[in-house]
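For reference, each letter of the sequence shown is one residue, going 8 to 347 in my numbering. Quick notes on the structure that follows.
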Amino acid sequence: MKHNKEKYFQILDEYFPFFTAIPTEEEQASIQDGEMSFEDIKEPYFKSVFREWLDRILKSDQMGDAIRFLRERLNMRTLEEQEQLIGHVLAACFLASNYKELGANAPEGKRKQRKTHIDKLEPVLNDLSKLQQSISKLNIPIDPHYASQNPFKENQSPPPFLTPEEYKIVSQFLKPYNPKISDPELSMEIFEKVLSVYHKLVKFKLDQLEQSASPENLSHYFRETGPLKYPKKLSSSQHSQNPELNGLIFYLALLFRQFTDLNNKGGWLTRRTGAMPTTGEPCHKINADFVNATFFNDKIKKQANNPTQTKSELGELDENSIGQRLLPFNSDKGVEFTSW
């Protein structure tokens with residue numbers, strides 16, 4: 008069976024419109040050592056991963072049968088459109104099987120990132136509060152030039168115990184020099200005001216993060232699992248350990264419905280996000296074939312140590328189980344596909 012791999016690569020590019028070339032670990036080391044530059048990188052990292060994945064997956068009997076069955080069943084459009092569909096299906100299978108590695112901005116990652124930020128900001132805010140209280144009790148001036156007997160003058164060299172960068176920071180809090188009054192002093196009053204503003208900014212950011220994590224006021228990230236967005240809070244049991252599986256099932260049905268909707272003549276693929284279309288056919292059997300070839304093919308699946316994705320734990324999905332999984336994804340339920 009011949010495959011138009013170049014076409015598949017072009018289609019994969021559509022899922023990474025914002026990507027620049029990402030260096031491999033070896034390339035990163037060469038760049039740091041000055042042996043090469045970013046301009047020397049031939050292609051984005053995800054393309055080399057996709058190439059290796061294609062070489063493995065297209066040798067699989069399961070994937071070969073799935074593609075053959077798709078061509079036999081979904082032949083209502085031109086050969087070029089069929090190849091386009093196969094390219095999008097393979098891109099989706101690749102992105103789903105590598106979701107955890109490539110989905111750096113996936114909702115799970117953002118949830119974890121927000122939790123990390125909250126944990127880090129809380130002690131910062133506490134320390135800022137303590138510092139403000141200490142400063143408010145301090146009634147003596149602090150002279151950054153105590154090591155020098157010379158009064159402060161414009162363009163004066165920084166004190167020897169301060170670096171130029173440190174001096175630039177400190178100088179913002181120096182009172183204007185007046186030789187008739189005294190040498191300059193570091194104004195703790197001004198410094199306290201700056202701290203107060205910074206305290207408010209940190210507190211505002213922390214409040215935002217905590218509010219978004221609150222069940223009473225969820226942001227959409229907390230209603231997502233994998234690439235799917237749900238209209239309400241999910242229970243702990245609904246948060247699948249491998250949400251990319253449901254994401255792939257949903258996305259393939261979204262593709263197949265558009266491809267089989269013959270009223271869509273201008274171009275069969277009108278969108279790649281949003282709610283499930285109500286027209287066209289979801290093609291449960293074809294969907295199941297590609298899902299099984301992606302996640303449950305023992306010959307090519309190298310992640311046998313991942314219990315959430317092994318054939319022995321979950322078993323292959325059939326047409327009925329795919330249909331049951333798609334039931335909650337009807338458009339009137341408000342479930343939407345976001346992105347890989």
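C-beta: ideal position from N, C-alpha, C; glycine also. These numbers were taken from a predicted model, which means no experiment stands behind them.
- Rounded to the nearest whole angstrom, the C-alpha separation of Leu202 and Gln120 is 26 Å.
- With respect to the C-alpha of Gly281, the residue from Asp214, Gln218, Pro234 and Met43 having the closest C-alpha is Pro234.
- In the structure shown, Phe168 adopts coil according to DSSP, grouped into three states.
- Counting only the Cα atoms, Asp72 lies some 28 Å from Asn270.
- DSSP places Asp68 in the uninterrupted alpha helix (DSSP H) bounded by Asp68 to Arg80.
- Per DSSP, the unbroken alpha helix (DSSP H) holding Arg58 starts and ends at Tyr52 to Ile64.
- Three or more beta-carbon pairs drawn from the segment 282-295 and the segment 323-337 are found closer than 8 Å, and the two stretches are therefore classed as touching.
- Counted as a single uninterrupted DSSP element, the stretch harbouring Phe23 is not any alpha helix (DSSP H), since DSSP gives it neither H nor E.
- Around the CB of Asp296, 16 or more other CB atoms lie within 10 Å, so the residue is classed as buried.
- Per DSSP, Phe303 lies in no alpha helix (DSSP H) and is assigned neither H nor E.
- A distance below 6 Å between beta-carbons, with the five flanking residues on each side excluded, links Trp60 to the following residues of its chain, in chain order: Phe101.
- The alpha carbon of Val298 has as its nearest neighbour, out of Pro238, Ser104, Glu129 and Leu261, the alpha carbon of Ser104.
- About 22 Å separates the Cβ atoms of Leu92 and Leu109, ruling out a contact at the 8 Å cut-off.
- Here DSSP, grouped into helix, strand and coil, assigns Leu235 to strand.
- Annotation: Gln248 is outside any alpha helix (DSSP H) and is labelled neither H nor E by DSSP.
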